[in-house]
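Undergrad: One structure, pasted below without further comment.
In the working numbering, the protein residues as written are -7 to 521.
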């Protein structure tokens, strides 16, 4: 503790100093006896507490208090005086003094100082907490604005990418040259990376669990390994240990990519001088005793993803707070503090849990436990390896305001045995459906369209034929939930995120048509045929 004492009487100053040092031997007491010396010390801002006489020859004690409030605001200020009456003491307290101690009752000073210090520390703590909350609020606002911006551009970006991903696989049938096929593959892969990036941004900025499907996690590990190999420093050596007999898991693949990438980025930052980053996956069965050793653990069969590094390790105080949103050990501007909280949120939504191991100076490991999918036939694993199902001449209504998306969806469907009729917006689609309601077997519709959007079109369509199956094609699934007039059952038949490949489109169309055949109800006649 550093104490600044303003006192013109040297004897009184010595008594105060001795009293303070008897209670706090390590305390540093600086004595000044003039306005000039006092102001000079205030400007250095090196004091934790100020003691001052009230009656001074060179200037008044209240003026000394005012100077302290201007120079070192928030520092406790205590009057130690022999000439203060009750009225002056009340005036001083109202002016901002922490307390007043008469010189003839100097023994009270240590108690008053201790109380003033505690009060000051509490106020400082509250100010710090308030500042942190304000910063968190501002960060949350920024993330909200980013989310709105991302959602706003996602639809347009996905509509740009959708024609590429639809056209590229179909073009392969017309190309024989190996080099041209290689270029076409590059185009397709680049478009797919762009689509994945848009989805990752949306998943990060919005609270979405997304579509879950059964996958083999080795594909996600290999994708992240490719990113690491291409972008991480050469001083970091990558080890990938992924056996072929892993159990499938039901997850959102994009979010699992995000989990692995976030943890890998943290591992990279933990090894500024280089080291080894290991990505592992293994099957593991936890019994009750083993599960009890892991926070949130439950007995069962799990696919375990492990991200391990040989870095600095995690300090105990960081280990207890690292899952908190906005908590970060990085410099301002270098990290949002959302990485690990996002990881935890995603894993919990997948009914999983996380075990963390760490050793200071030796490294850390994050072990992600995801429940194994039960009784899943191999042919249902994604990515789907079976050939796309072929149609039987079923008539499908495709509604989209983007001409390129309409045309390429038409091409993909007609090449695989379906008949297609097109509409450019919801209003046109209603007119088309009214004319051919008895023929149309399935409706594919965009969500955001002029004149009549997908939500309103779907509502009208349900009135005409409540049993008609609809598949929504959009790059903004979350926008449905933002419509206050939206009821989820209005689009309960399926969702296909843009951009998509022909095989994904054909698989969803086949599944919906098969469901229609299994429990088809004849469409009622339209009142105006």
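Quick reminder that beta carbons are idealized off the backbone N, C-alpha and C, glycines included. Nothing here was measured: the structure is a model prediction, and the numbers come from that model.
Going by beta carbon distance, what residues of the same chain come within less than 7 Å of residue 256, once the five residues before and after it are set aside?
TA: The residues are 216, 220, 269, 299.
Undergrad: How would you call residue 418, buried or exposed, if buried means at least 16 neighbouring beta carbons within 10 angstroms?
TA: Residue 418 should be labelled buried.
Undergrad: Hey, quick one: how far does the beta strand (DSSP E) through residue 94 stretch, first residue to last?
TA: Element bounds for residue 94: 91 to 94.
Undergrad: Which class does residue 358 belong to by DSSP, given the choice of helix, strand or coil?
TA: In this structure, residue 358 counts as strand in the three-state DSSP scheme.
Undergrad: Hey, residue 339 and residue 360 are a contact pair by Cβ (cut 8 Å); roughly how many whole angstroms apart?
TA: Residue 339 to residue 360, Cβ: 6 Å. Contact.
Undergrad: What residue does the beta strand (DSSP E) around residue 254 start on, and which one ends it?
TA: First-last for residue 254: 245 to 261, but that is the alpha helix (DSSP H), not the beta strand (DSSP E).
Undergrad: I'd like to check one pair, residue 437 with residue 391: are the Cβ atoms closer than 8 Å?
TA: A contact, by the Cβ cut-off of 8 Å.
Undergrad: How far does the beta strand (DSSP E) with residue 270 in it reach, from first residue to last?
TA: First-last of the beta strand (DSSP E) with residue 270: 267 to 278.
Undergrad: Along the chain, where does the alpha helix (DSSP H) that runs through residue 13 open and close?
TA: Residues 2 to 15.
Undergrad: Out of 333, 303, 320, which has the shortest C-alpha to C-alpha gap to residue 349?
TA: Cα-wise, what sits closest to residue 349 is 303.
Undergrad: Given that a residue counts as buried once 16 or more other Cβ atoms are within 10 Å of its Cβ, and exposed if not, what is residue 67?
TA: With 16 or more other Cβ atoms within 10 Å, it is buried.
Undergrad: Would you grab the beta carbon distance between residue 154 and residue 442 for me? Rounded to a whole angstrom, and I think it's under 8 Å.
TA: Going by Cβ atoms, the distance from residue 154 to residue 442 rounds to 18 Å, so no, they are not a contact pair.
Undergrad: My assumption, with CB atoms under 8 Å, is that residue 463 sits in contact with residue 504. Please give the rounded CB distance.
TA: The Cβ separation is near 6 Å, so the contact holds.
Undergrad: Scan the stretch 91 to 122 and note each continuous beta strand (DSSP E) run of 3 residues or more that stays entirely inside, going in chain order.
TA: Entirely contained in the stretch 91 to 122, the beta strand (DSSP E) runs reaching 3 residues are, in chain order, 91 to 94.
Undergrad: Judging by CA-CA distance, which residue of 54, 101, 26, 167 is the nearest neighbour of residue 83?
TA: Ranking the options by Cα distance to residue 83, first place goes to 54.
Undergrad: CA-CA distance, residue 574 and residue 424?
TA: Absent from the model: residue 574. The displayed extent of the chain is -7 to 521, so no value can be given.
Undergrad: Among 172, -1, 508, 488, whose alpha-carbon lies nearest the alpha-carbon of residue 459?
TA: Selected option, being the one with the closest Cα: 508.
Undergrad: Below 6 Å CB to CB, which residues in the same chain sit around residue 283 once its five sequence neighbours on both sides are set aside?
TA: So the qualifying residues of the chain are 289, 290, 291.
Undergrad: DSSP puts residue 152 in a beta bridge; with which residues?
TA: Note: residue 152 sits in no beta bridge, so no partner.
Undergrad: Pick out whichever of 246, 412, 122, 445 has its Cα sitting closest to the Cα of residue 335.
TA: Nearest option by C-alpha distance: 246.
Undergrad: Sorted by chain position, which residues of the same chain lie with C-beta nearer than 6 Å to residue 93's C-beta, five sequence neighbours on each side aside?
TA: Cβ within range, chain order: 72, 100, 101, 104.
Undergrad: Count the other C-beta atoms from every protein chain shown that fall within 10 angstroms of the C-beta of residue 116, then say buried if there are 16 or more, exposed otherwise.
TA: Exposed, since its Cβ has fewer than 16 Cβ neighbours within 10 Å.
Undergrad: Helix, strand or coil for residue 52? Go by DSSP, reduced to three states.
TA: Coil.
Undergrad: On the three-state DSSP scale, how would you describe residue 31?
TA: Of the three classes helix, strand and coil, the one that applies to residue 31 here is helix, per DSSP.
Undergrad: Go to residue 433, then tell me how far its beta strand (DSSP E) extends in each direction, as first and last residue.
TA: Residues 432 to 438.
Undergrad: Nearest-angstrom Cα distance between residue 9 and residue 121?
TA: Residue 9 and residue 121: Cα-Cα distance of roughly 34 Å.
Undergrad: By the DSSP assignment, the alpha helix (DSSP H) with residue 425 in it spans what residues?
TA: Residues 418 to 428.
Undergrad: So the candidates are 356, 286, 167; which of them puts its Cα closest to the Cα of residue 310?
TA: The candidate whose alpha carbon is nearest that of residue 310 is 356.
Undergrad: What are the boundary residues of the beta strand (DSSP E) that includes residue -1?
TA: Segment: none, residue -1 is in no beta strand (DSSP E) and carries neither H nor E.
Undergrad: At what residues does the beta strand (DSSP E) containing residue 415 begin and finish?
TA: Here the beta strand (DSSP E) through residue 415 covers 411 to 415.
Undergrad: Would a C-beta distance cut-off of 8 Å place residue 145 and residue 179 closer than the cut-off?
TA: For residue 145 and residue 179, no; Cβs fall outside 8 Å.
Undergrad: Per DSSP, which one or two residues make a beta bridge with residue 465?
TA: Its beta-bridge partners are 438, 488.
Undergrad: Got a sec, what are the start and stop residues for the beta strand (DSSP E) residue 292 sits in?
TA: Residue 292 -> beta strand (DSSP E) spans 292 to 301.
Undergrad: Whole angstroms is fine: what's the gap from residue 407's alpha carbon to residue 272's?
TA: If I take the Cα positions, the gap works out to 42 Å.
Undergrad: Short of 6 Å in beta carbon distance, which residues of its chain neighbour residue 15, apart from the five on each side in sequence? Order them along the chain.
TA: Excluding sequence neighbours, residue 15 sits near 102.
Undergrad: Excluding sequence positions up to five away, which residues of its chain have a Cβ less than 8 Å from the Cβ of residue 33?
TA: Cβ within range, chain order: -4, 22, 24, 39.
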